[in-house]
Amino acid sequence: MTIQLPGVGAPALRPTSFGHRDAIALNDRVQLEYAERYGDEGDVTPLDPTMFEPPRGLYLIAYDASGTPLATGGWRGQEANEEGYADGDAELKRMYVTPEARGLGLARQILAALEEDARAAGRTRMVLETGLKQPEAIALYTSSGYEPCARFGHYRFDELSRCFAKPL
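Residue numbering for the sequence shown follows the UniProt record's numbering, beginning at 1 and increasing consecutively.
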């Protein structure tokens, strides 16, 4: 399945394994950006490619017409546990747009596709964790209907962490 985005020569969203070479390369780039912004080793949340396999998740990459990967995002299913998740949660992970593709609306299009897929998979709430040093991410999520929520996940005790949720 490929989702063609509007516009001539517009990028296409393709479901891809989190273990795919393009996903790994984009993850390496976002990790470098996290390390630069936060002065640490990046996001150390444990992730495994199987976490994003349908029907318990989905990982998307936006490619341009020449096959260059431009952006990523995924969701993984969560259930109530000691890290603060609730039954029916879909957790947004690894939203990233390469610097050269920013401003094209790819993050918003990926977010909408992930929300739709999670809803179709029976998830009831999309949750995400981001940080204070990512104001662009916070602006995207709040303008897309996400509201602050109780902290959860790997960084739930970090003072720079902020968690958001949106009913699906």
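Yeah, the Cβ is synthetic: ideal placement off N, Cα and C, and Gly gets one too. Predicted model only: the values in this text are computed from it and were never measured.
A distance below 7 Å between beta-carbons, with the five flanking residues on each side excluded, links Glu115 to the following residues of its chain, in chain order: Met126, Leu168. For Arg21, the closest alpha carbon among the candidates Phe164, Gly84, Pro69 is that of Pro69. Partner residues in the beta bridge of Arg162, as assigned by DSSP, are Thr130.
Counting only residues of its own chain and dropping the five nearest sequence neighbours on each side, Tyr63 has a CB closer than 7 Å to the CB of Pro11, Ala12, Arg14, Pro69, Leu70. Boundaries of the alpha helix (DSSP H) harbouring Ala118: 106-120, taken from the DSSP string. Annotated as distal: Asp48 and Tyr34, with beta-carbon spacing of 9 Å or more. Minimum Cα-Cα distance from Leu128 among the listed residues Ala121, Ala137, Ala120 corresponds to Ala137.
The alpha-carbon of Ala90 is positioned some 10 Å away from that of Leu58. In this chain, the alpha helix (DSSP H) harbouring Asp28 covers 21-38.
Distance from the CA of Phe164 to the CA of Ser66, rounded to the nearest whole angstrom, comes to 35 Å.
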